[in-house]
Amino acid sequence: METINDFHSETELAELKNILLAEKERIMNKQIDETQYCLDQNELSDLVDEASINLQTQQNIRFKNRENFYVKKVNKALDKMKRGTFGLCEECDGEISFERLVARPVAEMCIGCKEESEMAENSNFFQKKSKSLGKTMQEIGGR
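Numbering-wise, my numbering comes out as the position in the sequence shown, counting from 1, plus 14.
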């Protein structure tokens, strides 16, 4: 198996590592205001206010979960750098271009494999079975 040094220069690796570390630091340094998840009885003047606060809280929790997932991907990318496998496509073992890695430093597939994966995903959308009903999306939509 080839290593990243076959594809990217030390300068490029250093730049990508700085991007990853900056992303990790940005997320880790966000202050969490625990009070935003606690509802004060005075804030709940009616059901619309309560629903609005609940919706906002759900969105904040969803964003925090996405950030936690992204930090895991950043850590995985940093670990790949240490092992010398960063920048290798997990599908074809080919190079992930420097430009792609600058745009998406946690990319795990080259652009060709990623496009192919997304096309397959999109073409299978209507063929997949619903987990809850056991029917295809076409059957649910009456198509």
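A virtual CB, placed ideally from N, CA and C, is assigned to each residue, including glycine.
Query	Result
Could you pull the start and end residues of the alpha helix (DSSP H) that residue 63 belongs to?	61-97
May I ask you to list the residues that DSSP assigns as paired with residue 102?	109
According to DSSP, is residue 28 helix, strand or coil?	helix
Just checking my contact of residue 104 with residue 123 at CB under 8 angstroms: how many whole Å lie between their CB atoms?	6 angstroms
Is it true that the CB of residue 98 sits closer than 8 angstroms to the CB of residue 109?	no
Taking the straight line between their C-alpha atoms, what separation do you get for residue 59 and residue 75?	23 angstroms
Are at least three pairs of beta-carbons, each pair with one atom in the region 68-82 and one in the region 109-121, less than 8 angstroms apart?	no
Exposed or buried, residue 62, counting other C-beta atoms within 10 Å across all chains shown (16 or more means buried)?	exposed
Using DSSP with H/G/I as helix, E/B as strand and the rest coil, what is residue 120?	coil
How close, in whole Å, do the beta carbons of residue 120 and residue 87 come, if the pair is a contact with beta carbons under 8 angstroms?	4 angstroms
Using three-state DSSP, classify residue 43 as helix, strand or coil.	coil
Could you compute how far the alpha carbon of residue 40 sits from the alpha carbon of residue 91?	16 angstroms
How long is the line joining the alpha carbons of residue 77 and residue 106, rounded to whole angstroms?	32 angstroms
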